[in-house]
Amino acid sequence: MPALRTFLILGRVSNLPTVWSNCLAGWWLGGGGNLAKLPFLFTGVTLLYVGGMFLNDAFDAEFDRLNRKERPIPSGAISLQLVWRCGFALLLLGNTLLFATGITAGILGAVLALNILLYDAIHKAVTFSPIIMGSCRLWVYLIAAATGAAGVTGYAMWGGVALGAYVVGLSFVARREISRERPPYWPIVLLAVPLLLALVINAGAYRESAALLALVPALWILRSLRAAYFSGAPNVGQTVSALLAGIVFVDWLAAVNSPRELGAAFIGLFLAALLGQRYVPAT
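Last residue of the sequence shown: 271 in this note's numbering, with the numbers rising by one and none dropped.
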């Protein structure tokens, strides 16, 4: 059997804290409550993410043989057939668990699974595939909101849209990771969408809180961009990894009116993402 590290690398598990922060923010924006559903929500979405990452490598096996020979499949650490089987099994099990939280979450989970499959199948062939990637994170927000007491609210939708824009910008930057060329500057606008939207949809005292909290992801984004845009030899991989960890800050900003306990949870998840990247590559 392949070593445990092979499975961890295939599943990009260092990014799981960002998936859990998506669930936490979406659930809060959906009214919170229904605590008994949270284990099914977190486990179901985790399995969908890991399954999607397995299938991503399965679809990319030929590309990786030519360009990324260190990846688990071309290196011989695991067979392509086993990766296919694990990927589809994880998607099926994850979606089943989401149905345990309710019909709406289960249906949205099926839509997410289809989006994952679509992205994995075509992302190397079409230029607009980052939009599909961003939509996957949007669906996670809506699934999480569906488990909350209020269901899929307008705030959950807008929060998902903001996160989706951020992920689209991040994904377009990541397209230059293999070539090691400096990325274009226009994706930075998409990275800033959550900051601007937080100021628009919040009013009164919440707007002031959003403006202060927006400084956290803003400073992290600027720090992350330095390696790819402002250094002599662009290191796109370093920028992408940092921006991935920054997803947690985007989620925290979306749940700006959440209690301090949730704020502490977001900080903990951000640190967990950074720690995980030291042992398992984020991309």
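All C-beta atoms, glycine included, are put in the ideal place defined by N, C-alpha and C.
In the three-state reduction of the DSSP assignment, V155 falls in the helix class, which pools H, G and I. Contact between G82 and F42 is ruled out by a C-beta separation of about 12 Å, above the 8 Å threshold. Between L126 and G157, the alpha-carbon positions lie close to 14 Å from each other. Distance from the Cα of A65 is smallest, within the candidate group A215, I(-3) and T141, for I(-3). Restricting attention to D45, R214 and F76, the CA atom closest to the CA of I61 is found in D45. Within the same chain, and ignoring the five residues on either side of N55 in sequence, the residues whose Cβ sits closer than 7 Å to its Cβ are I166. Going by C-alpha positions, S2 is about 6 Å away from A270. The three-state reading of DSSP puts V114 in coil, since its state is none of H, G, I, E or B. Judged by their CB atoms, A243 and G90 are not nearer to each other than the 9 Å cut-off. Pairing A132 with V33 gives a Cβ-Cβ distance under 9 Å. Between the alpha carbons of W72 and Y194 lies a gap of roughly 46 Å. In this structure, A233 sits away from N223, with a CB-CB distance that is not shorter than 9 Å. In the DSSP assignment, G64 falls outside any alpha helix (DSSP H), carrying neither H nor E.
For the pair A150 and P175, the CB atoms are not nearer than the 9 Å cut-off. In terms of Cα proximity to D48, the closest of A98, W15 and I110 is I110.
Between the beta-carbon of L201 and that of L241 there is about 5 Å, and that keeps the pair under the 8 Å contact cut. Cβ atoms of V140 and G18 come within 8 Å of each other, at about 6 Å. Nearest Cα to S159 within the set F51, A198 and I235: I235. CA-to-CA, the gap between L29 and K112 works out to about 30 Å.
Remark: C-beta atoms of L78 and L86 do not approach each other more closely than 9 Å. For I235, the enclosing alpha helix (DSSP H) stretches over residues I235 to A242.
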